[in-house]
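Colleague:
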Amino acid sequence: MKQNEQAFRNELNHAIDFDKVLSQFAAKTSFSLSRQRIEQALPSQDLFMIREQLDLVRDSIEFFREGSTLSLQGCSDIEESVRKSEKQMTLQPKELAEISLFLSTCHRVINALQDTDLDKLKEYSNSMERVHDLQMAIDSCIDLSGAIKEDASAGLVHCRNQLMDIRKALNERTRDFIKKHSSSLMESLTTSIQGRVCVLVKASDKNAFGGMIHGQSQSGLAFYVEPSSFVAFNNQIQMTLSKIEAEKARICQDLSLRVKKRSQALLANLETMTLLDMAFAKAKWCLEKDGVVPQIQKRDHTLILENAGHPLIDPKKVVRNTYRLQNEQKALMITGPNMGGKTVTLKTIGLFVALAHAGFPVAAHRALIPYYDSMWFTIGDQQSIENDLSTFSSHIQSLSKICSQSNQNSFVLLDEIGNGTDPQEGSALAIAILDHLIQKGCTVLTSTHFNALKSYGKTNAAILVASMQFDEKTLKATYHYIPGVSGASYAFSIARQYHLDATILEKAQAIKEANKDQNSQELEKLERLQNEVEQEKEKFDQLIQKAHQLQREAVSQKQKWEKAKKRFDQEYESRLETLLQEKEEQMEKLYEEMRQAQQIKPHQRAKYLRDMDALRLNQAEGDETESFSVGDYVQIENLSTHGEIIELRKKEAMVLANGMKLKVKTNGLKKIRRPKVQQIPQSHREHTDKTFSSVPLELNIIGCRVEEGLRALDHYLDQCVAHHVKQVRIIHGMGTGRLRNAVLADLKKHPAVKSTASGGPREGGLGATIVELK
C-alpha cells in the first residue's frame, strides 16, 4: 500500500495495534507457514484479491456453522525440503516423513470438502492433487517416526539378515573364547569399542591373543583387546553396516527424485493448504468474536459498522457501538472528555478498515466499507528526539505528507488534529486542513476538544459531529457513541473529583466565562440540551428493547409449546398407527385362517367373526351412541353385513345375520331400514337351484388362479342377483396385482354391477373391493 512497507507496518502497529490483533488470528492456525503469513499481512490495493480472501472466509464460517469440523493438524511447511529435492539434494528420512504426513492431510481435506455446496471451499479443494503415488512410495519405506523401515527394500532385508548371521557367529566365538581363557580375563563379558567387539584382558596377557589393543582401563590393570579370532567377524560386521547405510542412502535418494518430479504439485498443494488454514483461522476468530465478513464496495463513500467492538478489549467489558457515514459525509469528528473513548472509537474504525482491506473479518454484526487505495494514521505522541522534532512539529510533518499525497480514495485518521500549539492557531490550522482533505474527497476520522472546530463541524454538512457519552453524576465514561451530538470536555468536573482547590476552580470558571464569546455560550447550551435529549432517548430505547425482549421471550415460549404439542401429536399418531397395523395384521391372519378352512362350520364362522369384532378399536368414552332395542334392524359396520337384534346385554348385542348369530358391540352398529323381501312363487321355488339356497355377503378368492377366481366370481354374482343382494365384498388380496386387476376389469363389464369401491381400513383396504349391485 506504500513504498516503504516496513514503515507502513510500524505505523499500523503504533496507531491501531494491528500486530496485536493479527496475533489473535495467528494463534488459531495449524502450522507455521499460515501463521507467518497472517502475522505479515498488510492491507492490499488489489480489490480482486481482497474479495477472494473474504469470500473464502465467508464459506469457511458457513462450513463451521453447519456443524462440520476439519483439522489441518499434520500439515507442515515442506517448501524447504521440496526446494532441496529440486537442487538434486538427498532428503533425510524425517523430511520425507513430513512430506508423507502433509499429503495425508491434503487427502483428508479433499475428502472432507469434495461434497460441500460451498463454492469457494470446493474450488480450492478441487485444485489440489492427491499425489497418491508419492505418498505410497514414502510410506512403504519410511515409518511415522521418520526412520527407514527394515523391509524398505530387498537389498536392505538381505544385508540385515547377513548382519544377524555374522553377529550370531561372533557371539558363539566370544562364548567359546571366554570359556577357554577365563583366567586371563578381568570379567566374563564382552564390550564394544567403536562398534568392534572386545574383551577386557589382564595387563600381563594383553599380547597373548594377537589382534588389536583398543585401550586401557582406568586402573591400568587391564586392556581392551580385540583377539585375532574376532577381527574377521568385526570386519564383516563393519562392512555389512556400511552396505546397510549405503542402501538407506539409495532409498532416500530414490524417494528424493520422486519428490522432485512432483515438486510443482507439492508446492501448489502447500499454497492451497496455507490459504485454507488462514481462512479457517479467520473463521474461528470471527465466530468467537461474534463477528462478520465485511463487504468492500466502490459505489460511494458510505461506511457502516453495526454493533462493532474492539477485539482487544475484554468481551465482557467491551461496549459495542454502531458507526455510520453517509456518502455525502466525508468526515467524522468525535468530541468529548479525556478518557471518554474517543481514541478507542477512532482505533476501532481504523482497525476494521485495515483488517477488511487485508482480507480479515471484523468484530461487528455488519460491515460495509468503501475501497481505499491508501491509508494514513496519526495517533499518539509523534515526538522524535533523533530528528529533533517536537510533538507538534512531528504532527505537522505527518499532516503535510497526508495533505500532499492523499486522494479521493484515501482513508485518513487524525487524533486530536491541531493539538500541541496555541489553541486559536491550532483550531484555525485544523479547520483549514479538514477543509482541504474534504475538498479532495478523502474519508477523514478525527477527534478534538476545540470549540471552534466543533462549531465548524456543526455548520459543515460534509462533517458528522459525534461524541462519547459521559455520566455527569458519576463523572465516568460510558463509552457509548452518540452521533450528531457534540460533547463537552468536563475538565472542571473531573478536576473537582480529584480534589483540586475550590478557589482555583472558581477562578478558572470566572476566567472561562469572561473569555467566552456568544457562539461558545450557545454551543455549550446546545451541547447540554443535546446530551439531555440523548439520555432520555437512551432510556426510551432501553424500554423499547426490554419490551422487544419480552415479546421475543413470549414468542419463544409459544414456539416451544407448539413444538412440544407437535411432538406429542406425532408420538400419538405413531403409536396409533402401530396399534392399527397390529390389529390389521391380526385381522388378516383371521381372514387367512377362514379362507384356508375348507369346511367351516357355522359356529366356527361365528367365532371368527366375533374375534374380528373384538379387534376393532373402542371408541372414546363420552362419544354419543345410538340406543338399540330387541327387534331393531342394524348394519354391522366393520363386517359390511346387516341383520336383526335378537338379544341385548349392556354394550353388546346378538344379531341374527344371514342365518348366523353374531355377538358384536353396540357402538359398531347402525340402525337401517329393514329391507323388503320379495316373495318367490311356490312354483318358482320348486325349480330353484339348491345351490342358491343361501348366499354369503363376501367372496374370498385369495390364492386362486386368475381363471379360477373369475369363474368363482361370476357364479357368486349370479347367486347374489338371484337373492336380491345389493352389496357384497370381494376379497382378492394384493399379491402381484394380476388377480385384483382381473377382478376389477370383470366387475366393470358385468351387467349386474352398479358401482365398485376399494375397501376401507377395516374392510381389507386395497385387498378387497366393495360391489354395489343393481
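Here the UniProt record's numbering is used: position 672 in the sequence shown is 672, and no number is missing along the way.
Ideal Cβ positions, reconstructed from N, Cα and C, are used throughout, including at glycine.
Model, not experiment: these values are computed from the prediction.
Below 8 Å, can you find three or more Cβ-Cβ pairs linking the region 251-259 to the region 73-86?
Modeller: yes
Colleague: Assuming I369 and S447 form a contact by the criterion Cβ under 8 Å, report the distance between their Cβ atoms to the nearest whole angstrom.
Modeller: Not really, about 20 Å apart at Cβ, beyond 8 Å.
Colleague: Need the endpoints of the beta strand (DSSP E) that R108 sits in, please.
Modeller: Where R108 is concerned, there is no enclosing beta strand (DSSP E), although the alpha helix (DSSP H) it sits in stretches over 93-113.
Colleague: Under 6 Å Cβ to Cβ from I379, same chain only, skipping five residues before and after it: list those, please.
Modeller: A15, D415
Colleague: Could you tell me which residues DSSP puts in a beta bridge with E647?
Modeller: Under DSSP, E647 takes part in a beta bridge, and its partners are M654.
Colleague: Does M89 come out as helix, strand or coil in the three-state DSSP assignment?
Modeller: coil
Colleague: Under DSSP, the beta strand (DSSP E) around I770 begins and ends at which residues?
Modeller: 768-773
Colleague: Determine the contact status of V706 and A745, defining contact as a CB-CB distance below 7 Å.
Modeller: no
Colleague: For the ligand PLP, is there a heavy atom less than 6 Å away from the beta-carbon of K670?
Modeller: The ligand content of the structure shown is nil, which means the ligand PLP is not present either.
Colleague: Expressed to the nearest angstrom, what Euclidean distance is found between the alpha-carbon atoms of S76 and N407?
Modeller: Answer to the nearest angstrom: the Cα atoms are 43 Å apart.
Colleague: For the alpha helix (DSSP H) that H715 lies in, which residues bound it at each end?
Modeller: 706-722
Colleague: On the DSSP letters alone, give me the boundaries of the alpha helix (DSSP H) that K316 sits inside.
Modeller: Premise fails: K316 is in no alpha helix (DSSP H) and is neither H nor E.
Colleague: Would a C-beta distance cut-off of 7 Å place G767 and G737 closer than the cut-off?
Modeller: It is not a contact, given that the beta carbons lie outside the stated cut-off.
Colleague: Specify the secondary structure class of S627 as computed by DSSP and reduced to three states.
Modeller: coil
Colleague: Could you tell me the distance, in whole angstroms, from the CA atom of E626 to the CA atom of G668?
Modeller: 10 Å
Colleague: So I99 and M128 are supposed to be a Cβ contact under 8 Å. How far apart are they, rounded?
Modeller: That belief does not hold up - the Cβ atoms of I99 and M128 are roughly 15 Å apart, past 8 Å.
Colleague: Less than 8 Å between the CB atoms is what I'm expecting for L12 and A363, so what's the real figure, rounded?
Modeller: Going by Cβ atoms, the distance from L12 to A363 rounds to 17 Å, so no, they are not a contact pair.
Colleague: Which of helix, strand or coil does DSSP assign to Q682?
Modeller: Caution is warranted here: a pLDDT of 46 is assigned to Q682, below 50, making its placement in the model unreliable, and the coordinate value is therefore given only provisionally. Under the three-state reduction of DSSP, Q682 is assigned to helix.
Colleague: Give me the DSSP bridge partner(s) of N700.
Modeller: I731
Colleague: Between the Cα of G760 and the Cα atoms of T443, G74, E637, I645, which residue gives the shortest distance?
Modeller: E637
Colleague: Could you tell me the distance, in whole angstroms, from the CA atom of L617 to the CA atom of R552?
Modeller: Summary for L617: the model assigns pLDDT 45, below 50, so the residue's position carries little reliability, and this model does not support an answer.
Colleague: How about G74 and L101: do their beta carbons lie closer than 7 Å?
Modeller: yes
Colleague: Which of the three DSSP states, helix, strand or coil, is assigned to C198?
Modeller: strand
Colleague: Would you mind stating whether T274 and L33 have Cβ atoms separated by less than 7 Å?
Modeller: yes
Colleague: Considering only the beta carbon of each residue, do D165 and S184 sit closer than 7 Å?
Modeller: no
Colleague: Excluding the 5 residues flanking H196 on each side, which residues of the same chain have their C-beta closer than 6 Å to its C-beta?
Modeller: As written in the sequence, residue 196 is Arg, which differs from the His given in the question. Contacts found: E226, N234.
Colleague: Assuming the contact rule is C-beta atoms closer than 8 Å, V695 and I730 should be a hit. Round their C-beta distance to whole Å, please.
Modeller: With 8 Å as the limit, V695 and I730 do not qualify as a contact, their Cβ atoms being about 13 Å apart.
Colleague: Can the beta-carbon of Y224 be found less than 7 Å from the beta-carbon of I178?
Modeller: No. Outside cutoff.
Colleague: Mind checking who Q635 pairs with in its DSSP beta bridge?
Modeller: Assignment of beta-bridge partners to Q635 by DSSP yields H642, K670.
Colleague: Is L747 helix, strand or coil by DSSP?
Modeller: Collapsing the DSSP output to three states places L747 in a helix.
Colleague: Using the C-alpha atoms, what's the distance from A7 back to A57?
Modeller: Note on identity: in this sequence residue 57 is Val, with Ala being the wrong assignment. One C-alpha to the other measures close to 28 Å.
Colleague: Closest to V131 by C-alpha separation, out of A265, S140, I438, would be which residue?
Modeller: For the residues A265, S140, I438, the minimum Cα distance to V131 belongs to A265.
Colleague: Counting along the chain, where does the beta strand (DSSP E) carrying K754 start and finish?
Modeller: Where K754 is concerned, the enclosing beta strand (DSSP E) stretches over 753-758.
Colleague: Could you check the C-alpha separation between E588 and G764 for me, to the nearest Å?
Modeller: 8 Å
Colleague: Taking buried to mean at least 16 other C-beta atoms within 10 Å of its own C-beta, is N207 buried or exposed?
Modeller: exposed
Colleague: For S192, list the residues DSSP reports as bridge partners.
Modeller: V197
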